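**Q**
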Amino acid sequence: MNSKVKAALASLRPDARILDCGGWFIPLSQATHVVDLMPYETRGARLQLTALPGERFTRDTWTQVDFLAPDFRLPFPDRTFDFAYCSHTIEDLASPFALLGELARVSRAGALVTPSRLSEHTTGRRDRMTNRLGHPHHHWIIDTYAGRPRFASKTASFEGAWWSTSIPLRLAEKIHCAAPGSDEWVMCWNDTLTWEVVTPGEARKLAHTFAKASGANMINRSADLLRRGLRKLKYYREVDNGSATRKGWSEIVALSQPYSRIVLK
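Per this note's numbering, numbering through the sequence shown is continuous, rising by one, with the last residue being 282.
#1: Report the residue from His193, Glu176, Leu64 and Arg122 whose alpha carbon sits nearest the alpha carbon of Trp41.
#2: Do the segment 119-128 and the segment 184-197 touch if we need at least three Cβ pairs shorter than 8 Å?
#3: What residues are listed by DSSP as bridge partners for Arg167?
#4: Taking a contact to mean a Cβ-Cβ separation below 7 Å, would you say His105 touches Thr78 in this structure?
#5: Examine the Cβ distances between the segment 195-203 and the segment 242-252 and report whether three or more of them are shorter than 8 Å.
#6: How about the segment 131-138 and the segment 56-75: do they share at least three Cβ pairs that are nearer than 8 Å?
#7: Taking only the alpha-carbon atoms, compute the straight-line gap between Ala24 and Phe168 and give it to the nearest angstrom.
#8: Taking one C-beta from the segment 75-93 and one from the segment 106-114 each time, how about it: are there three or more such pairs within less than 8 Å?
#9: How about Leu45 and Asp37: do their beta carbons lie closer than 7 Å?
#10: Do you know whose CA, among Lys222, Arg96 and Asp160, lies nearest Asp208's CA?
#11: Quick one: is Thr59 buried, meaning 16 or more other Cβ sit within 10 Å of its Cβ, or exposed?
#12: Helix, strand or coil for Pro204, going by three-state DSSP, please let me know.
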């Protein structure tokens, strides 16, 4: 866990009410309540019918919600929670802004965590072989500007400029080694939570500026392209074309549906 989040959690009272939003795969053990699309019984992507050591939340304080539902609203009064933790969730949502508004409504403070801009710019981030940048299913690149989250459409950021905005995998790994934690964006907030969404043109400008500042250039991009091509030839049977991911998700949905109060797709 990021040191900023650890410090924020450590500063809370022992009886603090803590909400984990979207924590299904790795729920925050300190959370007293969890909200997620998936059911309590399949947290961690496997069948967990009973409480695990260290968990403060229970089946009764785990609530299933669809963050993209037209009438989405968290089922809690204003300022219910002392702290809200939302990790690796908002970048997955085509429109995360209703969720952000609800987090601000029900919590006095909180932390947001997503993959960093560095992570989303990195070529072959997922499989070390393909030309895909970052995590292909993510919708947003998020960073901090003027003390609040700034959202840039990932599609707009790289549109028509994949090569000049890409960061070679080896360069990204060197940056990460020099600055541990640089693969994640983290922002803690108190009292209020506001955000900004940039225009497509500004998203492209931000992407170009960041890639240039990283030290990415024609030479290291070309070398990275060659390495990934050779690796792809060596492991061509193992290239992730999405089918394994789709199959895995289908299996998880089948496992979860008997316990779910929402129709999962």
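Every residue, glycine too, gets a C-beta built ideally from N, C-alpha and C. The structure presented is a predicted model; accordingly, all values stated were derived computationally and were not measured.
**A** To lay it out plainly:
#1: Of the listed residues, the one whose Cα sits closest to Trp41 is Leu64.
#2: no
#3: Asp160 and Glu213
#4: no
#5: no
#6: Fewer than three Cβ pairs drawn from the segment 131-138 and the segment 56-75 lie within less than 8 Å of each other, which leaves the two stretches out of contact.
#7: 25 Å
#8: yes
#9: yes
#10: Arg96
#11: buried
#12: Rather than Pro, the amino acid found at residue 204 in this sequence is Met. Looking at Met204 - three-state DSSP - the assignment turns out to be strand.
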